[in-house]
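Colleague: Pasting a structure here, questions to come.
Protein chains in written order, with my numbering: chain A, 7 to 258; chain B, 20 to 33.
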């Protein structure tokens, strides 16, 4: 038996919104310690890794490991039927072919149950090595989203250059060019840890897709090192994270 | 010019 109750549906809605532009279907791997997800986009350029620890939930029970293959569009439709302040319980028996989502209104006067058919997804998992990123930048998530939006209107490629002086985003296209530089401030809203400067080029549309996770967190962490995928991490309160990895563009 | 790398160039299948 698997059963997980969240006090508010809003968190689940935000998580699904953060995933569904990059993934159409995905498997939730549920174990005693919590729920994990790892999946690549269709073109195998980016990867999403999510962790929700069991202490994220008001109630959590997972008698044996279970994989729940879900169509995220369908899950999103079900979540639209619920209010943000409803409590939600996700449950499935062992060897399930369906998952149940039960919503309970804040005053407990309304309950609604939905069943979703599970999918048998054959998802490939990649080993993500521990990486010492040469540059780690923590900045307001809203600022990162704004920069990605502004950059992608100039060019398909975004160059990110990070040094002790700051992090610089550049895009150059037919229309012209754009450069945005953020320096570390005494207010502490931009925090830079730089061992070595790094400059890498990335596809802007993926960066923009990652910013769908902005409502999850005030801060975003960006990790860069030469010739490794970019890390963009949004913490989920103190209970987990959504991490996106993006392969860089390489010179031919 | 630059081309897009794939994740499998960096991360190995488990």
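From the three backbone atoms N, C-alpha and C, an ideal C-beta is built for every residue, glycine too.
Check residue 248(A) in the structure and name its three-state DSSP category.
Modeller: strand
Colleague: For residue 232(A), count neighbouring C-beta atoms within 10 Å of its own C-beta (all shown protein chains included) and say buried if the count is 16 or more, exposed if not.
Modeller: Result: exposed.
Colleague: Tell me the residue span of the alpha helix (DSSP H) that contains residue 215(A).
Modeller: 210 to 216
Colleague: Hey, how far is the Cα of residue 184(A) from the Cα of residue 255(A)?
Modeller: 19 Å
Colleague: Counting contacts by CB-CB distance shorter than 8 Å, is residue 204(A) in contact with chain B?
Modeller: Residue-level contact by beta carbon fails for residue 204(A) and chain B, as no gap is shorter than 8 Å.
Colleague: Do we get a CB-CB distance below 8 Å when we pair residue 13(A) with the residues of chain B?
Modeller: no
Colleague: Does the stretch 165 to 173 of chain A come close enough to the stretch 217 to 227 of chain A that 3 or more CB-CB pairs lie under 8 Å?
Modeller: Result no; under three Cβ-Cβ pairs closer than 8 Å.
Colleague: Got a sec: which bits of the stretch 115 to 148 of chain A sit with their beta carbon under 8 Å from any beta carbon on chain B, in order along the chain?
Modeller: 130, 131, 132, 133, 134, 135
Colleague: What are the start and end residues of the alpha helix (DSSP H) that includes residue 147(A)?
Modeller: Looking at the DSSP string, the run of the alpha helix (DSSP H) that includes residue 147(A) is 147 to 158.
Colleague: Smallest Cα separation from residue 88(A): which of 187(A), 20(A), 237(A), 182(A)?
Modeller: 20(A)
Colleague: Can you name, in chain order, every residue of its own chain whose Cβ lies under 7 Å from the Cβ of residue 26(A), other than the five neighbours on each side?
Modeller: 78, 79, 82
Colleague: Given this structure, state the Cα-to-Cα distance separating residue 227(A) from residue 32(A), to the nearest angstrom.
Modeller: 24 Å
Colleague: Please tell me whether residue 29(A) has its Cβ less than 8 Å away from any Cβ of chain B.
Modeller: The Cβ of residue 29(A) sits no closer than 8 Å to any Cβ of chain B.
Colleague: Exposed or buried, what is residue 229(A) when buried is set at 16 or more other beta-carbons lying within 10 Å of its beta-carbon?
Modeller: buried
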